[in-house]
Amino acid sequence: MTLCHTAGMLIDTHCHLDFPTFDGWRDQVIERARRAGVGAIVVPGVSARYWARVLELCGSATDAVHLYPALGMHPYFMQEHRSEHLSLLKRQVEKYRERLVAIGEIGLDFQLEHYDETAQTELLVEQLKIAKAAELPVLLHVRKAHDQVLKQLRRLNLPRGGIVHAFSGSEQQAQEYVKLGFKLGFGGAVTYERATKLRRFAQQFPLGWIVLETDAPDMPLSGWRDQPNEPFRVAEVAQTLTDLRQIELNDLIAQTADNACALLSLTCCKSSR
């Protein structure tokens, strides 16, 4: 595979490009991303029935935009998950270990109505164990459960850390994640002026803690709430962070790309520094 330099290359570390929302116009979405300077997109799986779709999509990637798969079971889809899916995940990880960049999207979501804390936690722990055994990072979905997730991460001591997708915790929680080898995902939420805490974090956190994402087709940016989100808009996320931090755009793009490449071992990355 052709190597590409991280300098000037935007990386969307969390994009559900496999979702049916993009059926019929996925090629155009990828082309728009390429024109916006996106060089790589990480596509997380959310349930067993979608894993084959994620792997097929990422296997068809071109050198223009590299697509990287992750496989996991999202807490939002608890009713779909079965115990045998954990065995299937282990087999998939063994089979596709060289292609996978992470286990994810996994985590805890205690904002859901009638959530089952025990079931969610058991599922998370088993997937963290799979990640640890395979020495893969994880892509975390966490809502109203950062302390509980951190407790499990400390207990299991993952060798590769991961990314806290759409980080929404406190400064102290951010520091704890970073100590455990995690990066913090910043996406569309930071473009809203009312997101004062998140925008303050975007200004103050060391740039080495941050990676960019869209969560497309979800989490639309400010001004685009009536349209599906797309990976090309990671460029607008980058510009927002640049404006907030008052730094050069190229410096932000290069550092966040380096962060993602080092953490996820993306094969398209080759530091130009």
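Residue numbers are given in numbering that gives the first Met the number 0: position 139 of the sequence shown equals residue 138, and the series is strictly consecutive.
Yeah, the Cβ is synthetic: ideal placement off N, Cα and C, and Gly gets one too.
Just so you know, these numbers come straight off a predicted model, no measurement behind them.
- In this structure, the beta-carbon distance from Leu179 to Arg153 falls below 8 Å.
- By the neighbour-count definition (other C-beta atoms within 10 Å, threshold 16), Gln91 is a buried residue.
- For secondary structure counted as the alpha helix (DSSP H) over 4 or more consecutive residues, the segment 10–86 holds these complete runs in sequence order: 25–34, 47–58.
- Residue pairing by DSSP puts Phe181 in a beta bridge opposite Gly161.
- In the same chain as Met8, and ignoring 5 residues on each side of it, the C-beta atoms closer than 6 Å to its own belong to Gly38, Ala256, in chain order.
- Between the segment 27–36 and the segment 48–57 there are fewer than three C-beta pairs closer than 8 Å, too few to call the two in contact.
- Between the C-alpha atoms of Glu79 and Glu235 there is a straight-line separation of about 34 Å.
- When secondary structure is reduced to three states using DSSP, Ala132 falls in the helix class.
- Ranked by Cα distance from Leu16, the options Val41, Gln174, Gly187 are led by Val41.
- The three-state reading of DSSP puts Arg193 in coil, since its state is none of H, G, I, E or B.
- DSSP, read as helix, strand or coil, puts Ile252 in helix.
- Exclusion of the five residues before and after Gln151 leaves Thr120, Leu123, Val124, Leu127 as the residues of its chain whose Cβ lies within less than 8 Å of its Cβ.
- Annotation: the continuous alpha helix (DSSP H) that includes Glu235 extends over 233–244.
- By a beta-carbon distance limit of 8 Å, Leu248 does not contact Trp208. Their separation comes to about 18 Å.
- Remark: C-beta atoms of Thr20 and Pro227 approach each other more closely than 8 Å.
- For Leu107, there is no enclosing alpha helix (DSSP H); the residue is part of the beta strand (DSSP E) that begins and ends at 101–108.
- For Leu138, the enclosing beta strand (DSSP E) starts and ends at 137–142.
- By the criterion of a C-beta distance shorter than 6 Å, Glu104 is surrounded in its chain by Pro43, Val45, Gly71, His73, Leu138, His140, once the five residues flanking it on both sides are discounted.
- Taking a 10 Å sphere around the C-beta of Arg48, we find fewer than 16 other C-beta atoms and assign the residue as exposed.
- Residue burial annotation: Asp22 is exposed, with fewer than 16 other C-beta atoms found within 10 angstroms of its C-beta.
- Per DSSP, the beta bridge partners of Val210 are Gly184.
- Secondary structure of Cys260 (DSSP, three-state): helix.
- Of the candidates Arg193, Gly187, Gln203, Val189, the residue whose Cα lies closest to the Cα of Gln174 is Gln203.
- The criterion of a C-beta distance shorter than 8 Å is not satisfied by Pro68 and Leu262.
- Bounds of the alpha helix (DSSP H) holding Leu155 are 145–155.
- Using a Cβ distance threshold of 8 Å, Thr241 and Ser221 do not count as a contacting pair.
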